[in-house]
Amino acid sequence: GDSVTQMEGPVTLSEEAFLTINCTYTATGYPSLFWYVQYPGEGLQLLLKATKADDKGSNKGFEATYRKETTSFHLEKGSVQVSDSAVYFCAPNNAGNMLTFGGGTRLMVKP
Amino acid sequence: DTGVSQDPRHKITKRGQNVTFRCDPISEHNRLYWYRQTLGQGPEFLTYFQNEAQLEKSRLLSDRFSAERPKGSFSTLEIQRTEQGDSAMYLCASSLGDPTLRGYTFGSGTRLTVV
Chain A
12 GDSVTQMEGP
22 VTLSEEAFLT
32 INCTYTATGY
42 PSLFWYVQYP
52 GEGLQLLLKA
62 TKADDKGSNK
72 GFEATYRKET
82 TSFHLEKGSV
92 QVSDSAVYFC
102 APNNAGNMLT
112 FGGGTRLMVK
122 P
Chain B
99 DTGVSQDPRH
109 KITKRGQNVT
119 FRCDPISEHN
129 RLYWYRQTLG
139 QGPEFLTYFQ
149 NEAQLEKSRL
159 LSDRFSAERP
169 KGSFSTLEIQ
179 RTEQGDSAMY
189 LCASSLGDPT
199 LRGYTFGSGT
209 RLTVV
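Protein sequence lines correspond, in order, to chains A and B.
The numbering of the first sequence is the working numbering, which starts it at 12 and goes up by one.
The numbering of the second sequence is the working numbering, which starts it at 99 and goes up by one.
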């Protein structure tokens, strides 16, 4: 079945550091790809998405590019802030019916 | 648009008791999803509805779990004879049709603790 592999956390960075969170997936066909973020004590929020190969999703300084050849959708940010501390989930959609979530990667940003 | 609402936010119950959770999706969304999230893990799919029809159920959904969406609006998730392993955050999400383009909108979840 479909699956998602995310890099294990926690990822601890200093403010203004560069962030990469790796995500690879297996899926039937060419799914849409999503990153969700869960801030402490809150529900999951859609961060960004890409619906076809080579698309780049972006939001709040975060970016991810849909790489069909490597089945990857790595999340990047050039300069993280303390307020970016959260858990990040990669999620491809499964044949248009539902999203399959990775295990999440906790990001901790220190001042 | 008030987002996806879930009630209650927290529920503590004794093992063996039945519990029921409610989810109110965004009003124009015809699809509604239930997920379960345990500490340190990603959400695991349980089931989803399109309008009032339950179209898919995960193998995770044992026969103690039942979900309904009788009028295609709100949904309920019932767990009978709760077990300690049922302790988790139960998440509801909704979408307007296929989530391919827009993904889902999640509620804040119901945290269940079985003692």
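Where is the CB? At the ideal position from N, CA and C, for every residue including glycine.
Quick one: which chain A residues come within Cβ less than 9 Å of Thr198 (chain B)? The answer, in chain order, is Pro42, Ser43, Thr62, Asn104 and Gly107.
Where Gly205 (chain B) and Gly101 (chain B) are concerned, what is the direct C-alpha to C-alpha distance, given to the nearest angstrom? Cα to Cα, Gly205 (chain B) sits roughly 7 Å from Gly101 (chain B).
Can you tell me whether Asp95 (chain A) is helix, strand or coil according to DSSP? DSSP places Asp95 (chain A) in helix when its eight states are reduced to three.
My guess is that Tyr50 (chain A) and Phe100 (chain A) are in contact by the Cβ rule of under 8 Å, so how many angstroms apart are they, rounded? About 12 Å separates the Cβ atoms of Tyr50 (chain A) and Phe100 (chain A), ruling out a contact at the 8 Å cut-off.
Do you know offhand how far Glu74 (chain A)'s Cα is from Ser185 (chain B)'s? Between Glu74 (chain A) and Ser185 (chain B), the alpha-carbon positions lie close to 35 Å from each other.
Considering Cα atoms alone, identify which of A:Asn108, A:Ser90, A:Gly115 and A:Met119 is closest to Arg129 (chain B). When only C-alpha atoms are compared, the closest one is A:Asn108.
Taking all protein chains shown into account, do 16 or more other C-beta atoms lie within 10 angstroms of the C-beta of Leu199 (chain B), making it buried, or fewer, making it exposed? Looking at its Cβ environment, which holds fewer than 16 other Cβ atoms inside 10 Å, Leu199 (chain B) is exposed.
For chain B, is any of its Cβ atoms less than 7 Å away from the one on Phe112 (chain A)? Yes, its Cβ sits closer than 7 Å to a Cβ of chain B.
Contacts around Ile124 (chain B), its chain only, beta-carbon distance under 7 Å, and the 5 residues preceding and following it disregarded: Excluding residues within five positions, the ones whose Cβ falls inside 7 Å are Asp99, Gly101, Val102, Ser192 and Thr203.
Between A:Pro103, A:Ser96 and A:Phe45, which lies nearest to Gly52 (chain A) when the distance is taken from Cα to Cα? Nearest of A:Pro103, A:Ser96 and A:Phe45 to Gly52 (chain A), Cα basis: A:Ser96.
What does the Cβ neighbour count give for Phe29 (chain A), buried or exposed, with the cut at 16 atoms within 10 Å? Counting other Cβ atoms within 10 Å of its Cβ, Phe29 (chain A) stays below 16 and is therefore classed as exposed.
Straight-line gap, Pro106 (chain B) to Thr136 (chain B) (C-alpha atoms, nearest Å): Cα to Cα, the separation comes out at about 17 Å.
Does DSSP put Gln152 (chain B) in a helix, in a strand, or in coil? Strand at Gln152 (chain B).
Residues that Pro103 (chain A) bridges to, as DSSP identifies them: Bridge partners of Pro103 (chain A): A:Leu44.
For the candidate residues B:Asn116, B:Val213, B:His127 and B:Gly207, whose alpha-carbon lies nearest to that of Lys169 (chain B)? The option with the nearest alpha carbon to Lys169 (chain B) is B:His127.
Since Gly113 (chain A) and Ala102 (chain A) should fall inside the 8 Å C-beta cutoff, what is the C-beta to C-beta distance between them, to a whole number of angstroms? Indeed they touch by this definition, with Cβ atoms about 7 Å apart.
Does any residue of chain B bring its CB to less than 7 Å from the CB of Gly72 (chain A)? With a threshold of 7 Å between beta carbons, Gly72 (chain A) makes no contact with chain B.
Could you name the residues of the region 131-146 of chain B whose beta carbon sits closer than 7 Å to any beta carbon of chain A, in the order they occur along the chain? Result list: Tyr131, Gln139, Gly140, Pro141, Phe143 and Tyr146.
Cβ neighbour criterion (16 or more within 10 Å) applied to Pro44 (chain A): Strictly speaking, residue 44 (chain A) in this sequence is Leu, with Pro absent from that position. Classification for Leu44 (chain A): buried.
Residue burial classification, Ala61 (chain A) (beta-carbon count within 10 angstroms, cutoff 16): That one is buried.
Can at least three beta-carbon pairs, one atom from the region 18-28 of chain A and one from the region 161-176 of chain B, be found at a separation below 8 Å? Result no; under three Cβ-Cβ pairs closer than 8 Å.
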